[in-house]
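Chemist: My questions will all concern the structure given below.
Residue numbers (my numbering), protein chains in the order written: chain A, 124 to 229; chain B, 589 to 1006.
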């Protein structure tokens, strides 16, 4: 199990245990983190699991590429460290990762 | 056995997409009362789209497709009872009754009843091997027969039928699709798009027969073939039927709630009873953009469930999200924004006749109503605003790929704002 920190809409940080191999999105879903909706179930078909990765973590997580990047680049609100959390697989290297939930999902 | 309500209890009938979202949204909205979700099937809420995709082709397991892990419900104090069918609502006593006669009291009630599959009107006793495609159990009964070399007949050329065809081809099953209309996806896309899908499926080895209905099933214990309306008999080891769904509304109807083609709800997903909300495939709602509609999509179930949960908590959060859908077939990612009914012009950005990448815009008087995007996630995302803002666009510019779409959208939105 790995600790993932979700900075929620109300500014508070929720730290949860997520199993190795699960996605950051699934960790949010399993712990009722508000603002992450995961409408397409993790298939990179929507952008409702969008998160901002903390800047000191983005190198380890990796920047978005390909279709994920195409979806993110065309969102009204996007940052350089934006990722779709359904595409971030949790490994022990990401223990302590912090992500922030955006104000709105599109 | 009676269950007295000593504190507030929200009872959710239905444990699929709408029910699962509603339960979560209740907690996220600060509901501190009990939450009890009653599901007819024997599983915790699971993602339904994979049933015709990854779960059918075996790349996903049951655990992979659960919406939330089992302990997520315990952590959020959401009680889930599977294998429980509600047969009646007593609105006066504020009680629901299950098929075993149990009466469960509610403070607030959510109806997330989903839909039932339409069934073939073939008389007589049919052999085994004819399957519908709505539940996890349906797929589990299909999977042992979805193996290389077997012959499958898919009845219905809608998204379910075509996705199933794609998944079965991945398993090297021989596939024939029977569509009673003159083209596949006839209800939902333009003829040009039907032609595209027919081409792609043909390239992948699927036979599509249009204008053909199934009139009978051959076989003693198990299916050996199907009889068609054109007089032919096609051999088959497996028959899968995907001919649409009808909303589950009996519970609401019997309880005296307003029901038309779906349980009627207002913009906040509240039914004609202020203590009862409804969401998902079963609900008919007056949408700001399209009038009274009943949408069959995960996104709709999710959005209405959020409105419904807010309403239960005394908050107004009208459902106003733009309808959108997706479908995965082979290497095609189809993303659709908006509803295209009433379009008078189709403008395509990209090439329908070759390759698998384009965005097809449905315009009405020069304003986009909807867009079908194939492997064009950027166009999909950017078009949403064009549609919700009813932004006039220039069809010639739209079709010209030498100008980046993002640039065109900015220009049109700016012009429209003036």
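We put the beta carbon where it would ideally sit given N, CA and C, even for glycine.
By Cβ distance, which residues of its chain are closer than 8 Å to residue 977 of chain B, with the 5 residues on each side in sequence left out?
Modeler: 1001, 1004
Chemist: Roughly how many whole angstroms lie between the Cα atoms of residue 980 of chain B and residue 950 of chain B?
Modeler: 12 Å
Chemist: Per DSSP, residue 700 of chain B forms a beta bridge with which residues?
Modeler: DSSP output for residue 700 of chain B lists no bridge partner at all.
Chemist: Where residue 135 of chain A and residue 785 of chain B are concerned, what is the direct C-alpha to C-alpha distance, given to the nearest angstrom?
Modeler: 47 Å
Chemist: Mind the definition here: the stretch 795–805 of chain B touches the stretch 747–766 of chain B only if three or more C-beta pairs lie below 8 Å; say whether that holds.
Modeler: The stretch 795–805 of chain B makes contact with the stretch 747–766 of chain B, as at least three CB pairs between them are under 8 Å.
Chemist: Kindly provide the ranges of any beta strand (DSSP E) runs that are 3 or more residues long and lie completely inside the stretch 878–943 of chain B, ordered along the chain.
Modeler: 879–881, 912–917, 920–926, 933–939
Chemist: Taking contact to mean at least 3 C-beta pairs separated by less than 8 Å, is the stretch 595–609 of chain B in contact with the stretch 678–696 of chain B?
Modeler: yes
Chemist: Do residue 894 of chain B and residue 930 of chain B have their beta-carbon atoms positioned less than 7 Å apart in this structure?
Modeler: No, they are not a contact pair.
Chemist: Which value, in whole angstroms, describes the spacing of the CA atoms of residue 128 of chain A and residue 138 of chain A?
Modeler: 4 Å
Chemist: Under 7 Å between C-beta atoms, does residue 608 of chain B make it to chain A?
Modeler: no
Chemist: Looking at the secondary structure, which residues open and close the alpha helix (DSSP H) in which residue 658 of chain B lies?
Modeler: 658–663
Chemist: Which value, in whole angstroms, describes the spacing of the CA atoms of residue 996 of chain B and residue 146 of chain A?
Modeler: 35 Å
Chemist: Taking only the alpha-carbon atoms, compute the straight-line gap between residue 143 of chain A and residue 664 of chain B and give it to the nearest angstrom.
Modeler: If I take the Cα positions, the gap works out to 22 Å.
Chemist: Give a yes or no on contact between the stretch 710–722 of chain B and the stretch 825–836 of chain B, applying the rule of three or more CB pairs nearer than 8 Å.
Modeler: yes
Chemist: Going by the CB atoms, is the gap between residue 965 of chain B and residue 193 of chain A shorter than 7 Å?
Modeler: yes
Chemist: I need the straight-line Cα distance from residue 958 of chain B to residue 743 of chain B, nearest angstrom please.
Modeler: 27 Å
Chemist: Hey, does residue 591 of chain B have any beta-carbon neighbour from chain A nearer than 7 Å?
Modeler: Bear in mind that a pLDDT of 45 at residue 591 of chain B, under 50, signals an unreliable position, so the number given afterwards is only what the model happens to contain. So, not an interface residue.
Chemist: Report the partner residues of residue 706 of chain B according to the DSSP bridge assignment.
Modeler: Beta-bridge pairing links residue 706 of chain B to no other residue.
Chemist: Please name the residues in the stretch 649–666 of chain B whose beta-carbon is closer than 8 Å to at least one beta-carbon of chain A, in chain order.
Modeler: 653, 655, 656, 657, 659, 660, 663, 664
Chemist: Using a cut-off of 8 Å between C-beta atoms, extract the partners of residue 1043 of chain B located in chain A.
Modeler: In this structure chain B extends from 589 to 1006, so residue 1043 of chain B is not present and cannot be described.
Chemist: List, in chain order, every chain A residue whose beta-carbon is nearer than 7 Å to that of residue 877 of chain B.
Modeler: Within 7 Å Cβ-Cβ: nothing; residue 877 of chain B doesn't reach chain A, min ~16 Å.
Chemist: With 8 Å as the limit, tell me which residues of the stretch 917–947 of chain B have their beta carbon closer than that to any beta carbon of chain A; keep them in chain order.
Modeler: 921, 923
Chemist: Mind pulling the chain B residues with CB within less than 7 Å of residue 194 of chain A?
Modeler: 965, 969
Chemist: Does any C-beta atom of chain A lie closer than 7 Å to the C-beta of residue 731 of chain B?
Modeler: no
Chemist: Do residue 618 of chain B and residue 670 of chain B have their CB atoms nearer than 7 Å?
Modeler: no
Chemist: What residue does the alpha helix (DSSP H) around residue 975 of chain B start on, and which one ends it?
Modeler: 965–976
Chemist: Taking residue 696 of chain B and residue 863 of chain B to be in contact with their CB atoms under 8 Å, please state how far apart those CB atoms are, rounded to whole angstroms.
Modeler: 5 Å
Chemist: Any beta carbon of chain A sitting closer than 7 Å to that of residue 788 of chain B?
Modeler: Closer than 7 Å: no.
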